[in-house]
Amino acid sequence: MAGRGSPHNIDHRFSGPLVEAVDDGWQSSDWDAAFTSSVPGTEVREIDARSIISYNSSPDVPFGRSINPYQGCEHGCIYCYARPSHAYLELSPGLDFESKLFAKRNAADLLRREFAKPAYQPQTIFIGANTDPYQPIEQRYRLTRQLLEVMLAHRHPLGLITKSAMILRDLDLLTELAREGLCQVMVSVTTLNETLRRQLEPRASTGAGRLKVIEKLANAGVQVGVLAAPMIPRLNEPELEQIIKSAAEAGASCADYILLRLPHELAPLFGDWLDTHYPGQKEAILNQLRASRGGGLNSTAFGTRMRGEGHFADLLAQRFRLISKRLDLGKRHIQLRLDGFIRPGEQLSLF
């Protein structure tokens, strides 16, 4: 389907047979009636979330707190590991994930309330760990900008993960946060091949555009790194060194990578995508992935789920270490300031 990553909807793991809606000019379901149109083919429901900060203690994730102002993502990246989360909403991880979206309209208010709790202690919060905080609907809803405003007002450290040039809209806030030692941005660069990028990430910024984002953030004094992810055997994996080199030349000071993993419904979705775009390479790609994932297409074990295991995964890790060392790139995790936090209601010090 033009402009979409997934070729279709797919049964989710909690459902019976999936019935796909057909647009015949009538509002045919409660879902259709409840949504407002954002861009053609995309529907957004504004919701009031009950909480906003997610906590994790995974040893292979470089942050313990995250915020996702949106559920679902219009970028439509076929490989996105967050796709299966749409099944919890009784929606398909296929087209539904990229076209039926949720905007947490009270995100900034919830964050402010969290900061006001007497027991709250600041730690870096990453925005966009699951879905991109600068996906196209952010232009309308501005939830990410509202979160940045709360973070700046209360001097709270944050990280951002995005593949969108829209982040430059908020350069004013990011520059102020960076000046206080409160901000790091990781820009995801999957490929510099524009044909492959359009197939993998149909509504995301171009690879060249993301390098320009890195350059402009670095020039503004914002700590910025590159996330080469996911690395897909035989597709974008040969580009690993070039992606990191290009990002370093643009101003990235750190780098990281992740090997593709295909949990739950993502495995058949990605297989269908390969049938559409790379049928001749499908089995070779999936077999290479299986060899790096203990015989499956996904692994959940700490220590191997991000990087894989086996000969191919070890070689990829070695390549990453060599290029990072040659370019003097640091590690992804950096320490941001925690000592300036201002709890809501407290007086900002004049000294």
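Residue numbers for the sequence shown follow our numbering, beginning at -4 and rising by one. Every residue, glycine too, gets a C-beta built ideally from N, C-alpha and C. Keep in mind the model is a prediction, meaning the values are calculated, not measured.
(Q) Does residue 260 come out as helix, strand or coil in the three-state DSSP assignment? (A) coil
Q. How is residue 232 classed by DSSP in three states: helix, strand or coil?
A. Helix.
Q) Do three or more CB pairs link the region 65 to 73 to the region 191 to 210 at distances below 8 Å? A) yes
Q) If you drop the 5 nearest sequence neighbours on each side, which residues of the same chain put their C-beta closer than 6 Å to that of residue 63? A) 125 and 126
Q: Look at the alpha carbon of residue 318 and the alpha carbon of residue 88, and state the distance between them as a whole number of angstroms.
A: C-alpha separation (whole angstroms): 35 Å.
(Q) Taking 7 Å as the limit between beta carbons, can you name the residues of its chain near residue 150, skipping five residues before and five after? (A) 175, 177, 335, 336 and 337
Q: Would you grab the beta carbon distance between residue 129 and residue 157 for me? Rounded to a whole angstrom, and I think it's under 8 Å.
A: 5 Å
Q: Examine the Cβ distances between the region 234 to 248 and the region 206 to 220 and report whether three or more of them are shorter than 8 Å.
A: Proximity of the region 234 to 248 to the region 206 to 220 meets the contact definition, three or more beta-carbon pairs being nearer than 8 Å.
Q) Taking the runs of the alpha helix (DSSP H) that are 4 residues or longer, which of them lie wholly in the region 179 to 225? A) 189 to 195 and 202 to 214
(Q) Are the CB atoms of residue 122 and residue 60 within a distance shorter than 7 Å? (A) no
Q.
Need the endpoints of the beta strand (DSSP E) that residue 126 sits in, please.
A. Residue 126 -> no beta strand (DSSP E), and no H or E assigned at all.
Q: For residue 79, I'd like the list of residues in its chain whose CB is within less than 7 Å of its CB, leaving aside the five on either flank, ordered along the chain.
A: 88, 258, 259, 260 and 261
Q.
Among the candidates 211, 219 and 265, whose CA atom is the shortest distance from the CA of residue 225?
A. 265
**Q.** For residue 42 and residue 144, the rounded distance between their alpha carbons
**A.** If you draw a straight line from the Cα of residue 144 to the Cα of residue 42, it comes to about 20 Å.
Q) Looking only at its own chain, which residues have a Cβ that is under 7 Å from the Cβ of residue 304, when we skip the five neighbours before and after it? A) 287 and 289
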